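All remarks here apply to the structure that follows.
Residue numbers (UniProt numbering): 1 to 37.
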């Protein structure tokens, strides 16, 4: 369970690059979340 003290990252997909615009699936973009910056 998350605590109020745990770090939290919230982002949106306003331009549709991470979510499929028809199904809203995010799994194909998941490797990008773990890629080194």
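Glycine included, every Cβ here is placed at the ideal spot set by N, Cα and C.
Keep in mind it's a predicted model, so treat the numbers as computed, not measured.
How many Å lie between residue i and residue j at the Cα?
i          : j          : result
residue 17 : residue 28 : 11 Å
residue 25 : residue 19 : 6 Å
Minimum length 4: unbroken alpha helix (DSSP H) runs contained in the region 10-35: Taken in chain order, the unbroken stretches of alpha helix (DSSP H) that lie wholly in the region 10-35 and span 4 residues or more are 30-34.
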